[in-house]
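To keep things clear, I will list the structure first and then write my remarks on it.
There are 2 protein chains.
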Amino acid sequence: MQRFQVTAQAGNYPVMIGRGAWRELRPLPQSSYSSVFVLTEKGIWQHWGKRFMREAALRKACPIFVPPGEKSKSLAEVERVASELARAGGDRRSLLILFGGGVIGDLGGLVASTYMRGIDCIQVPTTLVGQVDSSIGGKNAVNLPAGKNLVGTFYPPRMVLADPAVLSTLSPRIFRSGLYEVIKHAILAGPALFDLLDRHLDSLRPDNLKALEAILGPVVRVKIDVVNRDERESGLRQVLNLGHTFGHALEAATGYGRFLHGECVGWGLLAITILAEQLGYLNAAASTPKKGVPDSRRIRDLVWRVGPLPSIRNIPARAIVKLLLHDKKAVAGKIHWVIPERLGKMRIVTGIPLAAAERAWRDLRGMSNPR
Amino acid sequence: MQRFQVTAQAGNYPVMIGRGAWRELRPLPQSSYSSVFVLTEKGIWQHWGKRFMREAALRKACPIFVPPGEKSKSLAEVERVASELARAGGDRRSLLILFGGGVIGDLGGLVASTYMRGIDCIQVPTTLVGQVDSSIGGKNAVNLPAGKNLVGTFYPPRMVLADPAVLSTLSPRIFRSGLYEVIKHAILAGPALFDLLDRHLDSLRPDNLKALEAILGPVVRVKIDVVNRDERESGLRQVLNLGHTFGHALEAATGYGRFLHGECVGWGLLAITILAEQLGYLNAAASTPKKGVPDSRRIRDLVWRVGPLPSIRNIPARAIVKLLLHDKKAVAGKIHWVIPERLGKMRIVTGIPLAAAERAWRDLRGMSNPR
């Protein structure tokens, strides 16, 4: 098991990742809380609830169930969950454990940060996306009809406990969707981690605990290093948005839910890599080719290797470009693009012509998965 | 005009109170914001919008209107306002000015703290309650069906600008309801401010700017002093809840809206004073009688002097007692009562028998306003 420390304005917190991470809840002084609630999904809780309660040595916890899927990331659901907390006697000294994937973490983080103006929460991510990405950094949000993640807060959890054993019951598709975020972190980190992932990608399966443990630690460290240097996304943290500008547009274009978030990131990584190539930021000469393969090609190959992505054949480039401008990270209508220059080196670029983005998407649509 | 400084974890901010306070917006570097929005009510904006824009020297601001009344303090309204911001191109660098009373401040504070995970806001309170109380301290919230102010955040504004001139268009009833919060602050502050208020109460009218200016400064200082010592309500700030335990129960009993918040505080101050007398906390001997009048009597007299309160004849004590337990400040079902021992001296008491609270309310119902 690996331990990291995340620094946050409102209080530092530990991230424990590896087999047995749930046991790290045992030292928690349960008696300092008036009650314990677990926000989760029925399916996950049926599989893992008993084991979690046992390993965490929780005497009593009241589960609150949320319907699976992105649709639950809404203010209406915040109201429903908060009302359930109130009905069940939740007060300012209650603890909310967020036991689930990105949706549970995002929705529950916002509930925890606003219920009675803030109660303690603990992130127990149960998906790959959750474990390597969304549970860390204290960001939460729900969606508006007008766009994704438009209402939320920065609110650090008390701790993050990620046990990869829980990934064994993930569907292959959901597991794969997390691998795209893993690849994103490897691109940000640089050649060393990228090479490691490149070698081990095929052994990363929901049931291969050993392989997962070996790769999750270094991947999580990438996110933590960035967040520790820029909690509030004032600059550096923008790099975590790699692949997400196109990705969020694709999610919006498909009405949130048809594609998984990670799948959109997968397409987004491909699109931004093509754009970076076409604009000359990421070209064979400037990068550090390994065995003659340029970085751009290596990124694309690794993304394709994860497996089949749902088709974007009927997502026209025009629709994507229109939605790009609605991205939350746009300021005064200006998109801040995270452009890979080479593995481990990103550049924030504004003012890229939308026509260039449109061409990149069109070319991506025309490409067939070489595998 | 008087200036105060409020200290807050997330950044200190100034409070300007007095005639001409709106002009203090002029030094604001407007160009650092991508857009300016004003959250307000149609009636208030029609009366005061032009003058505000002129005095604040605002070049351009987009008003967003909220229906008046407590019903607007809901997550549904947060969603509506945030969606309107998104539609109008609001981004992370937008500024939200909260131009209105307690409802606008509470709703708008929550919108500002969550829209794109937090944008700048400025409080411009236009009611007496807003100017002396709710605009200061960074607390905001909306209601759930299960209770009042159950969802909110701590989120300091950039500044608070309170010009009492705006009070001149308040209805007498709304103005009076603010006087109960003024009295609450005077009880907390002690004999000096209480005497001052006692002498000047009758001259406090919406159109008497001079009298208002003389009293508002010292009253606001009471709140600021408390908030500066305990931003997050970990202890001391509880005293601001004086009269609010009964008050919130009365608001709930009347379905929020039949009584104004300040009117419930008025009844709450009377009830807690009676309870404190009956339990022997606030008795003639221990307090510092002025001209032979004990503090308990002075408090009650001052509250009654404000004017007629809507009748509580059909609010049975049993209903109130049942609702007391739902107060947000209750922890593990325990009510933390703020009990006046004398002017300027409060005691936090737990474990008061509900039967005692019930008797106090019953006795209050039986009392006729002596005026």
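Chains as they are written, first to last, in this note's numbering: chain A, 233 to 603; chain B, 233 to 603. For glycine and all other residues, C-beta sits at the position ideal for the given N, C-alpha and C. As the structure is a prediction and not an experimental result, all values here were calculated from the model.
Check, Outcome
"Could you give the DSSP three-state label for A:M285: helix, strand or coil?", "helix"
"Sort out for me which residues DSSP pairs A:V356 with in a bridge.", "A:F331"
"Just curious, the alpha helix (DSSP H) that A:I456 is in, first and last residue?", "441-461"
"Which of helix, strand or coil does DSSP assign to A:R603?", "Confidence at A:R603 is low in this model, with a pLDDT of 49, below 50, so the placement of that residue is unreliable and no value is reported for it."
"At a CB-CB cut-off below 9 angstroms, which residues of chain B make contact with A:K554?", "Chain B residues near A:K554: none, gap ~15 angstroms exceeds 9 angstroms."
"Is there at least one non-hydrogen atom of the ligand NAP closer than 7 angstroms to the beta-carbon of B:M248?", "Absence of the ligand NAP from the depicted structure is noted, as is the absence of any ligand whatsoever, leaving it without description."
"Could you check whether the Cβ of B:G252 sits closer than 8 angstroms to any Cβ belonging to chain A?", "no"
"For B:F236, which three-state DSSP category applies?", "strand"
"Kindly list the residues whose CB is nearer than 8 angstroms to the CB of B:G301, restricted to its own chain and excluding five residues on each side of it in sequence; keep chain order.", "V335, G489"
"The stretch 363-396 of chain A: which residues have C-beta closer than 8 angstroms to a C-beta of chain B, in chain order?", "K371, A373, L376, P377, A378, G379, L382, V383, G384, T385, F386"
"Examine the Cβ distances between the stretch 317-335 of chain B and the stretch 321-332 of chain A and report whether three or more of them are shorter than 8 angstroms.", "no"
"Near A:H305, what residues of its chain come up, given a Cβ to Cβ distance below 6 angstroms and the 5 sequence neighbours on each side ignored?", "In the sequence on display, residue 305 of chain A carries Lys and not His. Cβ within range, chain order: V335, D338, L339, V374, N375."
"For B:S528, report the span of its alpha helix (DSSP H) as first-last.", "527-537"
"Helix or strand or just coil, what does DSSP make of A:S345?", "helix"
"Given a limit of 8 angstroms on CB to CB distance, which residues of the stretch 343-359 of chain B reach chain A?", "S345, T346, Y347, M348, R349, G350"
"Can you give me, in chain order, the residues of the stretch 300-315 of chain A that have a beta carbon less than 7 angstroms from any beta carbon in chain B?", "L307, V310, E311, A314, S315"
"Taking A:R319 as the query, report the chain B residues whose CB atoms sit under 8 angstroms from its CB, ordered along the chain.", "A378"
"Would you say A:S345 and A:F269 are within 8 angstroms of each other, going by their C-beta atoms?", "no"
"With a threshold of 16 other CB atoms inside 10 Å of the CB of A:G252, please say whether the residue is buried or exposed.", "exposed"
"Using the Cα positions of A:A589 and A:L507, report the straight-line distance between them to the nearest angstrom.", "6 angstroms"
"Can you find the residues in the same chain that come closer than 6 angstroms, C-beta to C-beta, to B:I354, ignoring five residues on each side of it along the sequence?", "I329, P389, R390, M391"
"What is the DSSP secondary structure of B:I580, counted as helix, strand or coil?", "strand"
"Considering just the uninterrupted stretch of the beta strand (DSSP E) at B:L428, what are its terminal residues?", "Not the beta strand (DSSP E): B:L428 falls in the alpha helix (DSSP H), residues 423-432."
"Under 7 angstroms Cβ to Cβ from B:A421, same chain only, skipping five residues before and after it: list those, please.", "V454, G576"
"Between which two residues does the beta strand (DSSP E) holding B:V374 run?", "374-376"
"Within a Cβ cutoff of 7 angstroms, which residues of the same chain sit near A:R408, ignoring the five residues on either side of it in sequence?", "V538, G539"
"If you draw a straight line from the alpha carbon of A:D430 to that of A:C294, how long is it in whole angstroms?", "42 angstroms"
"Excluding the 5 residues preceding and the 5 following B:N244 in the sequence, name in chain order all residues of the same chain whose CB lies nearer than 7 angstroms to its CB.", "Q237, V238"
"Might you give, ordered along the chain, the residues of its own chain that have their beta carbon closer than 7 angstroms to the beta carbon of A:N464, omitting 5 neighbours on each side?", "The question names Asn, yet the displayed sequence has Arg at residue 464 of chain A. Taken in chain order, the residues that qualify are F386."
"If contacts are defined as beta-carbon pairs under 8 angstroms, then B:L444 and B:W254 qualify, I think. What distance do you get, rounded to the angstrom?", "Going by Cβ atoms, the distance from B:L444 to B:W254 rounds to 16 angstroms, so no, they are not a contact pair."
"Excluding the 5 residues flanking B:L596 on each side, which residues of the same chain have their C-beta closer than 8 angstroms to its C-beta?", "W499, L502, A503, I506, I544"
"Which first and last residues belong to the alpha helix (DSSP H) in which A:F478 is found?", "476-485"
"How is the beta strand (DSSP E) around B:G574 delimited, first residue to last?", "Checking the sequence, you will find Arg at residue 574 of chain B rather than Gly. Taken as a continuous stretch (DSSP letters only), the beta strand (DSSP E) holding B:R574 covers 569-574."
"Do A:W280 and A:V361 count as a contact pair if the criterion is CB distance below 8 angstroms?", "no"
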